[in-house]
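The structure appears below as structure tokens.
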Amino acid sequence: MSSQTSKKQQTPAFTPIKEMRGHTGVVEGAEHLPGGRRIMTCSWDGSLRLWDLESGAQIGEDWKDEEEEEKSGVRDIALSPNGKTLVTGSSDRKVRLWDVETGKVIQRWTGHTTIVTSVCWSAGGDRVVSGSTDGTARVRNVKTGETILEIKTGHEFVNTVKYSPDDTQIAIGGHPVGIWDAKTGELMKTLKHDTIVCSLAWTLDRKKLITASHGPIRIFDTATWKQTGTLEGHEDWVNAISLSHNNRLLASASWDKTARIWNLDTNLPVEPPLQHGDKVECAALSANGRLLVTGGRDENAYAWDVYAILKQADLEDLLQPPSDVPARKSLKGSSATRRPPIQARRISPGFFDGVENGPQVSHPHV
7 MSSQTSKKQQ TPAFTPIKEM RGHTGVVEGA EHLPGGRRIM TCSWDGSLRL
57 WDLESGAQIG EDWKDEEEEE KSGVRDIALS PNGKTLVTGS SDRKVRLWDV
107 ETGKVIQRWT GHTTIVTSVC WSAGGDRVVS GSTDGTARVR NVKTGETILE
157 IKTGHEFVNT VKYSPDDTQI AIGGHPVGIW DAKTGELMKT LKHDTIVCSL
207 AWTLDRKKLI TASHGPIRIF DTATWKQTGT LEGHEDWVNA ISLSHNNRLL
257 ASASWDKTAR IWNLDTNLPV EPPLQHGDKV ECAALSANGR LLVTGGRDEN
307 AYAWDVYAIL KQADLEDLLQ PPSDVPARKS LKGSSATRRP PIQARRISPG
357 FFDGVENGPQ VSHPHV
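In terms of this note's numbering, the sequence shown is residues 7 to 372.
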């Protein structure tokens, strides 16, 4: 370990600013709620929990389905584009819609025959796609709950599903990744991987698809579907990835007991990794990229000040839109955490500023 890395690991920037304790099972997912001051987590303990990010305290009671006598582990969570509804997938094979204001279940959907591992909203908010270990993905009409498309992927199981930003395609990850027509269910492209794919993220311009599995995170050009980049650094399964709205930062969660923040201008990690006490299952960046929430096998959730981390590395310009800074290419042998100095507007330290809805994030399990 270098003296530079040791020094960074001792600074407050690389420790959580808040720890959220209370779940009694693995924390599988997290979502930022509108306003930027609250998050929702889901867990194998069968509950959703609402947290105040400034205090780290739980708000109110656990959210549970009052009609279910036996608790069932919640495996994934996603917030609707309008910020009013949450969708969850659970071990009891059901997909549920929750009212954010009341914390109550408003719809329950059946159809999958085994665990629901992943859920995702369409950008229009009128459809939800769910993936399951039964090897299928189901697209439902949100108003009626009707299944309007069932995709039999041919995978042994589906680990992650993700709508493209224009709602024309659905990326489905298992082994390998399939790109499917969102209206017809036709398979359009297969992206081969050596191992199971755990998480997916589209850039908002739909030009890139990022995949996470065991080993390097991969970047694909969606015009050609050729692999154009890799993010190397994790030493075990990468279970979740989350992309900032400006497409310049990626957060990842891994079974190597770390989370990482990646500079997508260079495809290099911002060092050092964020250490956890156990395997990390989920990662969720806020919409403005200044706050990261992680959770995992130690049954806790953590909030990290991304602005402070980037400032320590002299990379806070990564919170700016791409048009505000010159384009760069990664240089072989260049520092993972530093780039040539540029003229860029500095952002004030308040990471809650200007936050609305968080990005859609995929965070299934292996």
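Heads up, the beta-carbon is just placed ideally off N, CA and C, and yes, glycines get one too. Predicted model, so just to flag it, every value in this text is computed and none were measured.
Closest to threonine 120 by CA distance: which of Ser96, Val106 and Thr217 is it? Ser96
What are the partner residues of isoleucine 185, as DSSP defines its beta bridges? Ala177 and Lys195
Sub-7 Å separation of threonine 142 and lysine 158 beta-carbons: yes
Validate contact between the segment 313-331 and the segment 68-78 using beta carbons, cut 8 Å, 3 pairs: no
Buried or exposed (CB count within 10 angstroms, at least 16 for buried), lysine 263: So lysine 263 counts as buried.
In the DSSP assignment, find the beta strand (DSSP E) that holds lysine 214 and state where it starts and stops. 214-218
Option nearest aspartate 172 by Cα separation, candidates Asp211, Ile65 and Gly52: Asp211
Distance between beta carbons of aspartate 105 and lysine 77, contact taken as under 8 Å: Wrong, their Cβ atoms sit about 20 Å apart, outside the cutoff.
So if DSSP puts isoleucine 374 in a beta bridge, which residue, or which two residues, is it bridged to? The chain is shown from 7 up to 372; residue 374 falls before or after that span and cannot be answered.
Chain-order list of residues whose beta-carbon lies under 6 Å from that of leucine 155 (same chain, five-residue window excluded): Val145 and Gly191
What's the C-alpha gap between alanine 129 and glutamate 25? Our two residues, alanine 129 and glutamate 25, have alpha carbons roughly 31 Å apart in a direct line.
For asparagine 147, does the count of other Cβ atoms within 10 angstroms reach 16, so buried, or fall short, so exposed? Asparagine 147 is exposed by the Cβ-count criterion.
Could you compute how far the alpha carbon of lysine 338 sits from the alpha carbon of leucine 274? Note that lysine 338 scores 29 on pLDDT, short of 50, meaning its location in the model is unreliable and no value can be drawn from it.
Tell me the DSSP bridge mates of threonine 234? In the DSSP output, where bridge partners are listed per residue, threonine 234 has none listed.
Residues that serine 260 bridges to, as DSSP identifies them: Val244
My understanding is that asparagine 245 touches glutamate 287, with C-beta atoms under 8 Å, so please give their C-beta distance in whole angstroms. 5 Å
Would DSSP call lysine 110 helix, strand or coil? coil
In the DSSP assignment, what residue or residues form a beta bridge with tryptophan 310? When DSSP reads this structure, tryptophan 310 sits in a beta bridge with Leu298.
How many angstroms separate the CA atom of valine 101 from the CA atom of histidine 161? Going from the Cα of valine 101 to the Cα of histidine 161 covers about 20 Å.
Apart from the five residues just before and just after aspartate 132, which ones in its own chain have a Cβ nearer than 8 Å to its Cβ? Asn147, Val148 and Lys149
N-terminal and C-terminal residue of the beta strand (DSSP E) that proline 327 is part of: Segment: none, proline 327 is in no beta strand (DSSP E) and carries neither H nor E.
Within the present structure, is the beta-carbon of leucine 39 separated from the nearest heavy atom of the ligand NAD by less than 6 Å? Ligands displayed in this structure: none; no statement on the ligand NAD is therefore possible.
Spatial neighbours of histidine 251 in its chain, beta-carbon cut-off 8 Å, leaving aside the 5 residues before and after: Leu210, Ala293, Asn294, Gly295 and Pro365
Secondary structure of lysine 168, DSSP reduced to three states: DSSP, read as helix, strand or coil, puts lysine 168 in strand.
Give the range of the beta strand (DSSP E) segment to which alanine 129 is assigned. Looking at the DSSP string, alanine 129 is not in any beta strand (DSSP E), and its letter there is neither H nor E.
In the DSSP assignment, find the beta strand (DSSP E) that holds tryptophan 69 and state where it starts and stops. Tryptophan 69 -> no beta strand (DSSP E), and no H or E assigned at all.
Under DSSP, the beta strand (DSSP E) around aspartate 82 begins and ends at which residues? 80-85
By the three-class DSSP mapping on this structure, what secondary structure does phenylalanine 163 have? coil
Cα-Cα separation, leucine 54 to arginine 254: 30 Å
Could you give the DSSP three-state label for proline 222: helix, strand or coil? coil
With a cut-off of 8 Å on the beta carbons, I'd call alanine 289 and alanine 265 a contact; round off their distance for me. 5 Å
Alpha carbon to alpha carbon, how far is lysine 189 from proline 22? Give it in angstroms, no decimals. 42 Å
Would DSSP call lysine 317 helix, strand or coil? helix
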